[in-house]
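To start, the structure itself, in structure tokens.
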């Protein structure tokens with residue numbers, strides 16, 4: 885019998901993303917119901933995201949940033965800085981291994 889893998893929604897990295905989204909929603913003065921209506925979803929959709937029971941894909945994240953009137957560039961820069969701080973506490977061998985497998989962004993951006 886295989887051990888069950890942990891759910892990636894509950895990782896420390898994903899908590900940073902959730903916390904950033906919650907802060908952005910609150911700063912915008914919008915309720916979960918208002919955000920959900922703008923997304924065309926039920927209020928429970930946003931509540932599940934904020935509770936960490938539902939993941940947000942990249943396109944939905946961009947829609948949320950638009951709803952909150954946030955520029956994606958600065959948001960992702962701050963997010964990357966927070967994740968970098970968190971990852972500095974992780975095993976360096978794991979970080980090097982993951983970095984060596986990732987293609988450079990310029991190689992990915994040129995693909996069609």
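In our numbering, the protein residues as written are 885 to 996. We treat Cβ as the ideally placed atom computed from N, Cα and C, and that holds for glycine.
Quick check: what's the CA-CA separation for residue 970 versus residue 894? Computed Cα separation, rounded: 15 Å.
Please state whether the Cβ-Cβ distance between residue 898 and residue 936 is less than 8 Å. Residue 898 places its beta carbon less than 8 Å from that of residue 936.
List the whole-angstrom C-beta distance separating residue 956 from residue 948, where the pair is believed to meet the contact cut-off of C-beta under 8 Å. Contact between residue 956 and residue 948 fails: their C-beta atoms lie close to 10 Å from each other, not under 8 Å.
Other residues of its chain near residue 940: CB distance less than 6 Å, five sequence neighbours each side excluded: Its chain contains 933 as the residues whose beta carbon lies nearer than 6 Å to that of residue 940, once the 5 sequence neighbours on both sides are disregarded; these appear in chain order.
Which term fits residue 910, buried or exposed, when burial requires 16 or more other beta carbons within 10 angstroms of its beta carbon? Counting the other CB atoms within 10 Å of its CB gives residue 910 a total below 16, which places it among the exposed residues.
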